[in-house]
Structure formats: structure tokens, C-alpha cells
Amino acid sequence: MIGANLTIVNSGLIAGGTNPDGIRALAISFTSGNNVLELRSGYNFTGDVRAAGGGNNVLRLGGASDAVFNVSQIWGFPVVTDNVTQYVGFNAFEKTGSSTWRLTGTTTNTSPWTVKAGSLIVNGSIAGPVTVQSGATLGGSGTVGATALDAGAFLAPGDNGVGNLTVTGSYHQSAGATLVVGVTSAAQSAGLSGDTGYGRLVVTGNTVMDSGAQITLKPLSYNFAAGQRFLVVQTSGSATYNASTLNYSATGFTGSVTGSVNTSGGFNNLVVSLAASDTPGSGSGGAGGSGGSGGASTPSRPSFATNGNAISALNGLYNYGGVNVQLLNVFNPALAINDTASANRVGEQLNPTAVQQAAARGTDAATNAVLNVTSGHLDGLRLAQAGTSGVATGESTLAPALWGQFFGGGATQDDRDGVSGYHSNYRGLLIGGDLQATESWRAGGLFSYAKTNVGNDGNNTGSSASINSYGLTAYAGYDGKPWYVNVMAGLAQQQYSTVRAVGFTGFYGVANGSFNGLQSTASVQAGYPLVMTNDVTLTPLAGLTYSKLRQNGYTESGGNGAALTVQAATTTSLKSDLGAKLERKLDTSYGELTPYVQMRWRHEFQDSRLNTAASFAADPSGSTSFTTVGATPVRNTGIMVLGATLARSKNLSLVANYTLEAGQGYHSQTADVRLRWQY
Numbered sequence: 074m075i076g077a078n079l080t081i082v083n084s085g086l087i088a089g090g091t092n093p094d095g096i097r098a099l100a101i102s103f104t105s106g107n108n109v110l111e112l113r114s115g116y117n118f119t120g121d122v123r124a125a126g127g128g129n130n131v132l133r134l135g136g137a138s139d140a141v142f143n144v145s146q147i148w149g150f151p152v153v154t155d156n157v158t159q160y161v162g163f164n165a166f167e168k169t170g171s172s173t174w175r176l177t178g179t180t181t182n183t184s185p186w187t188v189k190a191g192s193l194i195v196n197g198s199i200a201g202p203v204t205v206q207s208g209a210t211l212g213g214s215g216t217v218g219a220t221a222l223d224a225g226a227f228l229a230p231g232d233n234g235v236g237n238l239t240v241t242g243s244y245h246q247s248a249g250a251t252l253v254v255g256v257t258s259a260a261q262s263a264g265l266s267g268d269t270g271y272g273r274l275v276v277t278g279n280t281v282m283d284s285g286a287q288i289t290l291k292p293l294s295y296n297f298a299a300g301q302r303f304l305v306v307q308t309s310g311s312a313t314y315n316a317s318t319l320n321y322s323a324t325g326f327t328g329s330v331t332g333s334v335n336t337s338g339g340f341n342n343l344v345v346s347l348a349a350s351d352t353p354g355s356g357s358g359g360a361g362g363s364g365g366s367g368g369a370s371t372p373s374r375p376s377f378a379t380n381g382n383a384i385s386a387l388n389g390l391y392n393y394g395g396v397n398v399q400l401l402n403v404f405n406p407a408l409a410i411n412d413t414a415s416a417n418r419v420g421e422q423l424n425p426t427a428v429q430q431a432a433a434r435g436t437d438a439a440t441n442a443v444l445n446v447t448s449g450h451l452d453g454l455r456l457a458q459a460g461t462s463g464v465a466t467g468e469s470t471l472a473p474a475l476w477g478q479f480f481g482g483g484a485t486q487d488d489r490d491g492v493s494g495y496h497s498n499y500r501g502l503l504i505g506g507d508l509q510a511t512e513s514w515r516a517g518g519l520f521s522y523a524k525t526n527v528g529n530d531g532n533n534t535g536s537s538a539s540i541n542s543y544g545l546t547a548y549a550g551y552d553g554k555p556w557y558v559n560v561m562a563g564l565a566q567q568q569y570s571t572v573r574a575v576g577f578t579g580f581y582g583v584a585n586g587s588f589n590g591l592q593s594t595a596s597v598q599a600g601y602p603l604v605m606t607n608d609v610t611l612t613p614l615a616g617l618t619y620s621k622l623r624q625n626g627y628t629e630s631g632g633n634g635a636a637l638t639v640q641a642a643t644t645t646s647l648k649s650d651l652g653a654k655l656e657r658k659l660d661t662s663y664g665e666l667t668p669y670v671q672m673r674w675r676h677e678f679q680d681s682r683l684n685t686a687a688s689f690a691a692d693p694s695g696s697t698s699f700t701t702v703g704a705t706p707v708r709n710t711g712i713m714v715l716g717a718t719l720a721r722s723k724n725l726s727l728v729a730n731y732t733l734e735a736g737q738g739y740h741s742q743t744a745d746v747r748l749r750w751q752y
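Per the working numbering, residue 74 is the first one in the sequence shown, and the count goes up by one each step.
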């Protein structure tokens, strides 16, 4: 198709012919200026479209049906491409008709765009200036050139309210033109990195908003509430917002709506704030200011939460007075919470206690396994005394010995004191060595490694922690013939990786933490073997264990605004054990087998709850700081151990154990196998 001074409307296929050599001809060739090519839904070309000469060649996107156009196909000169239509030589672009056209791709063509009717959604990048006429709408989450809105025009950043529209150049909004800021549930439910939660206009140049221009907040995926603030325009250059003479509204909100200027972060920001009002209907035009919180009013804090930690975390959030976009993502929907169950759930997710405590307590079972294994090993080192010990080891204990042990298990804790429960699994390895120091003392040391994975339950479902523990323990056993004492002391380096999920109406984020901890442990256990028969021994047991855990402070990453800076925390524990062990010696063809059962009552003396101080990471002022308290330790638990020792020879022994601990919503199970070789 060839000609000049043409207007062509295409909603179907236009194909260029082929010459005898098989080369495809142009689909359309405009031979001079004053031509219009209007594309409508269903358009298609085989071959390029070229405006070869003259001026005023317009590429128009029109019609009543929605469509998509890739601006990467716009060129100022011919470029050889295969199977991709090029639009070459056009020096003006228009959007007409009632349809919505979405632009994708990127073009460096600097020719102007005019939005005359309908909607142009720019999700790609165009370099040319844009003029939006009365009744038309410009939107999208892409990039446009310098932009001007005529009276009656609309600019709606984002695509269906989601994302930022960036203007690379100046922005001018005439009186009577409207900037529409809206949110949909998709704005946060996907948890996308860098998602703003609502549409926002970002201007890299200068901004001028004439007096009488309109700012409208559309209905959100959560309710409007007094105290909410929305950063609607962010300008890198100078900004003449005329904030006190703009018209503001929030659809469905029956309080006052005002605007103010904030200069934090190196930007000139226009912030829209909602406040309670005795007069129904939307307010307009609050006095503009600069700096600080942008003139934000103190929010009326919802009082729906009943959980102490939830109340503390929400109050910390409600103290925020700044305009950090990501933190406002959390702040605004949190202000809209209007029921107790939601407030408790959100408040529990916003604070770090459940994750921190699960990480700390989740390693207790692994730590106890190390102590139990070491104590059991020391029991096996006692010199067999005819008629007194009743413990068959098959070992010559004057020589040094090496031993190794694998263990693994799991633990669960129900919700307790308003802190969500957890479930965990762990596995580990101990490698040790010891020797006979004196006739009565045998001493040694061990290296331990444990891997624990913890998942939160209840309101914190979706949060988790992974802990690597590396420990060194010194141990010794004293044989008083027949009584004995086992002593242990150790240090363990804990490496924590945490995941804290926060999700509620209007917001979703996942914050990741990485920090270390140090646990110190000391334990003493005494027993007095009583020979019942030649093959059966009953040993009353008593023990005391002290431990101290310090978790270092850290700052979470990610979180979409919910990330926290968490201060260091320390907990201590002092536990007593009382019980007895019953064992019997059996001769088998495989060696001497000693099965046994052990029952103990464990009592916690300390009331050391995990006290955690935190603040939202995006708030450098610290105004969002809050303190939460962990659950009280389980006071009393019962412990049962089933095991057996096989003394294969004087040099080789094998031990297997199953340990169950339970009490007050807590239970753990551990299985371990130990192999010992005597030189």
C-alpha cells in the first residue's frame, strides 16, 4: 500500500507483497507528509510500515477495544529485522477512542505523544513528551518523557493501581486536572520486591501543580482510616506543589483529607494525609509544610489487639511519623485493622519474638541431646566393680579412646503465653576422645555439630529458622566406688538464619535475618548404683544443668517495609534432674548386651523469658521501637530413655538410645547411636 496524504485504519492484516527474489515489500509506504495510520484491536502487518518523507506523519492508537502495542518497533530509520514489523519515520503519536492501550517495550524516539481520549497505560518506556487532554487518562508503571496534564485530564500511576509511573523530565498539572492514586489487593499480595503498595508518581525533573489541581485517592484493598499517609508525588528537582490550594479527596472516607510537602530523603515529596473529622465528606487543602513527617497527624490508634506482644508491635508501628514508602506500606493497612483476631495475628507477625524464641528453644533439644549423650558415654567409662557397679563396658579404660555418635530427632511446642508454637527437627554428630587421668578420674573433650530447622505455627505460620551449631565440650567422670559424678562444660556457636512472614489485607512481606549467638553450658550429674542381683542394677540419679544463651542483634533484609532492627537478647536456664536408671546385663553370642531404662523428672528454676527490643528498620529515628516478651519456660517435664549397650570386645562397644521428653505442651524425641573404639 503506497501513497501520500492518507488516513489508514487497520484492525486486520495488511501484508506487503514479495518480489521474484522472495524479498518482502513494505506493508505500507507513505511517500510524503500529512499521513495518519490508526491501529485498532486486531491489527497485524506482514512487512514494515514506513513514512519516507515530509512531516506530520501520525501513528494513532484508537478504536473502542483494548489492545497492546510494543514501542520497541518504533524507529526513526530502517533497521533490518526478521519477522518484526517496524514503524519508521513517524514524528507524532496519538491515543484516541474510548479504548485502553497498553504500551510495552522501549523506544528512544523523542517525538511527542498526545493522549486525546481513552487510556494510555505505559508499562514500557517512551522518551518523547506526553500531553494528556481533557477526559483522557495516562497511567502505567513504566517511564515517560516530560508530561503535562490539561484541565480535565487524569494521571493514574500504576496499572490498576499497582506500581510507579516515572516522568523523566518536568511534570505540570493544570487546575482541574486529577492525579488518581489507587490500590488493589494485588499491590501487596504477591510480595514483589520494591512494590510500593499503591500507585505513585516519580518525577526526575521539576514539578508544578497549579492551584485547583485535584488529588484523589481511590478505594484500597483495605479500609481508609484516620492517620494514614500516602506519598503520592516524589520529585528529584524543584517542586511547586501549592499544597494548601490543591483539592484532595479519598473515595468513601468520611474524614478530612489534606496535603503537605516533605523534603526527606533528598526528594521533594507531596504527602496526602487522612484525619478524623466531625463533618462527613472528604476534606480538602490542608496547609503545606516541609520536612519532618510532612504535617502528618497523630493517628487514632486502633485498640482491637488483646495479645500483649501484638499491642506492643502495633503501637510501635503507629508511632511512625515519616514518609518512607515501604514502611507506609505496612503502616497504612495496619491502621485499617478493625477486629481482634486480625489485630492479634498481624501484631504477632510484626514482632520477632515467636521466630527468635522458636530458634532459641528449637536448639534446646539438640543441646540436651549433646549433654545426654556425653553423660551416657561417661556412664560407660566407669570401671566395672564386681558386686558394686553392675555396668558391663568390655573396655580397658587405662588407654585413650575415641568415639563418635550420631543423633537426630524432633520437638514441638504448643502456643504458650500468647507466643505461637513451633515444630523442629534436628540432627547432629559428636566426635570425642578421652583418657584415664587418675585412678578415679577419666577426662576428655568432644566436638559437636547440630543442624536444627524450626517452623512456626499458629499466627506465625510461614515463618521459620535454620540454626547451625558448632560446640566444644570438656567432660570428666569421677568414680567413687560405687557412687560417681559426671561433669561437663561447653560453649556452642549458633548461626541463625530466620524467615519472618507478614501477611494481611493490603500487605505482604518476608523479612530475612542472619545473626549469631553463643551458648554456654555447665552440667553435673551424680549416681549411686545399687546391685539388685548379679545381673540387675538400679541407679538413683540427680543432676543440675545451667545454660546461658546470648543472641546477637541484627537487622533484617527484605520485608517490603516490615523488616526490623532487633537488639541483642539473653536468656538463662537452671534445671534439676531427679530419677533412676534400671539396667540388666545379658550374655549373647554377639557380646555382652546391657539394655536399660531411665526415668527422670526435670524442673526449671529460672523464669527467664526472652525480652526483645526492636524497631522498624526503615525508621532511623527509632520512634517505632517496641519491646516484646517471650513465653515462660516449661517448668516441669518428664524424661524417659530406652537404650542398650553392646560390648563387642574389650576394644569395641556400640550404644543406641531413644529419649522422650514431654510436659506442658512440649515434647521432643531423640534417637542416637554411639560407636567407641579403645586403643
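Just so it is clear, CB atoms sit at the ideal spot from N, CA and C, and this is done for glycine as well.
With three or more CB-CB distances shorter than 8 Å, the segment 75–87 counts as touching the segment 103–110. Here the C-alpha atom of D223 lies approximately 35 Å from the C-alpha atom of G634.
Taking the Cα positions, N532 is about 36 Å away from N335. Cα atoms of T710 and A735: separation of roughly 5 Å, rounded to the nearest angstrom. Secondary structure of S243 (DSSP, three-state): coil. Put simply, the backbone Cα of G435 is about 26 Å away from that of A690. Between T187 and Q206, the C-beta gap is smaller than 8 Å, which places the two residues in contact. In this structure, S198 places its C-beta atom within 8 Å of the C-beta atom of T216.
The C-beta distance from A687 to T638 rounds to 6 Å, short enough to meet the 8 Å contact threshold. Exposed is the label assigned to D412, since fewer than 16 other Cβ atoms lie within 10 Å of its Cβ. Per DSSP, F404 is one residue of the alpha helix (DSSP H) stretching across V398 to L408. Around the beta-carbon of V398, 16 or more other beta-carbon atoms lie within 10 Å, marking it buried.
Between Q592 and K621, the C-beta gap is smaller than 8 Å, which places the two residues in contact. Bounds of any beta strand (DSSP E) do not take in V144, whose DSSP letter is neither H nor E. G453 places its beta carbon less than 8 Å from that of S726. Taking a cut-off of 8 Å for Cβ pairs, the segment 527–543 and the segment 431–449 touch, as three or more such pairs fall below it.
Per DSSP, the unbroken beta strand (DSSP E) holding Q624 starts and ends at V609 to Q624. Per DSSP, the unbroken beta strand (DSSP E) holding Y321 starts and ends at N320 to A323.
Annotation: V714 is outside any alpha helix (DSSP H); the continuous beta strand (DSSP E) that includes it extends over N709 to A720. Under the DSSP assignment, T177 falls outside any alpha helix (DSSP H), being part of the beta strand (DSSP E) whose first and last residues are T173 to T177. Cβ contact annotation for S171 (same chain, cutoff 6 Å, sequence separation greater than five): A137 and G191, in chain order. Around the beta carbon of Y663, fewer than 16 other beta carbons lie within 10 angstroms, which makes this residue exposed. CA-to-CA, the gap between I101 and F166 works out to about 17 Å. Residue pairing of D552 in beta bridges, as defined by DSSP: Y557. A distance below 8 Å separates the beta carbons of A547 and A562.
Beta-carbon to beta-carbon, A323 and F297 are separated by about 5 Å, close enough to satisfy the 8 Å threshold.
If you draw a straight line from the Cα of G491 to the Cα of V575, it is about 17 Å long.
Taking the CA atoms as reference points, E656 sits about 6 Å from V609. When G310, S333 and T313 are compared, the shortest CA-CA separation from Y321 is found for S333.
Per DSSP, L387 is one residue of the alpha helix (DSSP H) stretching across G381 to Y391.
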